[in-house]
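Using the UniProt record's numbering, read the sequence shown as starting at 1 and increasing by one per residue.
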Amino acid sequence: MAKPFKIFVSHAWDYSNDLEALQRLLNARGYFNVEFLEASKKIPINSVNASYVKTVLKNRITDSNIVLALAGVYASYSDWMIWEMDIALKNSIPIVGVVPRGQINVSREVTSRSKENVNWWTESIVAAIRKHAL
Numbered sequence: 001m002a003k004p005f006k007i008f009v010s011h012a013w014d015y016s017n018d019l020e021a022l023q024r025l026l027n028a029r030g031y032f033n034v035e036f037l038e039a040s041k042k043i044p045i046n047s048v049n050a051s052y053v054k055t056v057l058k059n060r061i062t063d064s065n066i067v068l069a070l071a072g073v074y075a076s077y078s079d080w081m082i083w084e085m086d087i088a089l090k091n092s093i094p095i096v097g098v099v100p101r102g103q104i105n106v107s108r109e110v111t112s113r114s115k116e117n118v119n120w121w122t123e124s125i126v127a128a129i130r131k132h133a134l
């Protein structure tokens with residue numbers, strides 16, 4: 001079996017349904033193995049200490065082969081997402097923007113940091129991961 005891609009999905013906490021849908025989409029893709037490293041509502045980092053949370057997230061980001069950033073407009077207003085993408089860039093971790101289903105407007109914060117932006121289609125997301133992942 002092929003080694004899985006380690007993926008960190010940068011997402012807005014209030015839109016975790018997009019995260020879960022993306023995880024299901026990639027997990028359902030045959031012959032494509034992924035390991036997700038981000039924190040989520042289902043698997044949170046149980047701390048209110050922002051410094052600790054940032055340390056854990058930074059370690060997960062730098063251990064990733066790629067960061068997928070959900071590029072809904074809400075990303076432009078998420079300080080956490082902007083911080084996560086900046087950490088990825090500072091550590092030469094490639095970023096691919098993924099436009100959530102049905103979205104027409106996208107976040108400039110994501111598109112200005114990403115190597116590529118793809119629509120919500122399994123094959124385009126997988127191709128971008130294979131193309132850009134370390």
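From the three backbone atoms N, C-alpha and C, an ideal C-beta is built for every residue, glycine too.
By the 10 Å Cβ neighbour count, where 16 or more other Cβ atoms means buried, how is residue 125 classified, buried or exposed?
The residue in question, residue 125, is buried, as its Cβ has 16 or more Cβ neighbours within 10 Å.
Mapping the DSSP letters down to three states, classify residue 3 as helix, strand or coil.
Residue 3: coil per DSSP, three-state reduction.
Quick check on DSSP: helix, strand or coil for residue 146?
The structure shown has nothing for residue 146, since the chain only spans 1 to 134.
Residue 37 and residue 60: beta carbons closer than 8 angstroms?
The criterion of a C-beta distance shorter than 8 angstroms is satisfied by residue 37 and residue 60.
Please classify residue 162 as buried or exposed, where buried requires at least 16 other C-beta atoms within 10 Å of its C-beta.
In the structure as shown, the chain starts at 1 and stops at 134, and residue 162 therefore has no counterpart that could be examined.
Just curious, the beta strand (DSSP E) that residue 133 is in, first and last residue?
Note, residue 133: premise wrong, no beta strand (DSSP E); not H, not E.
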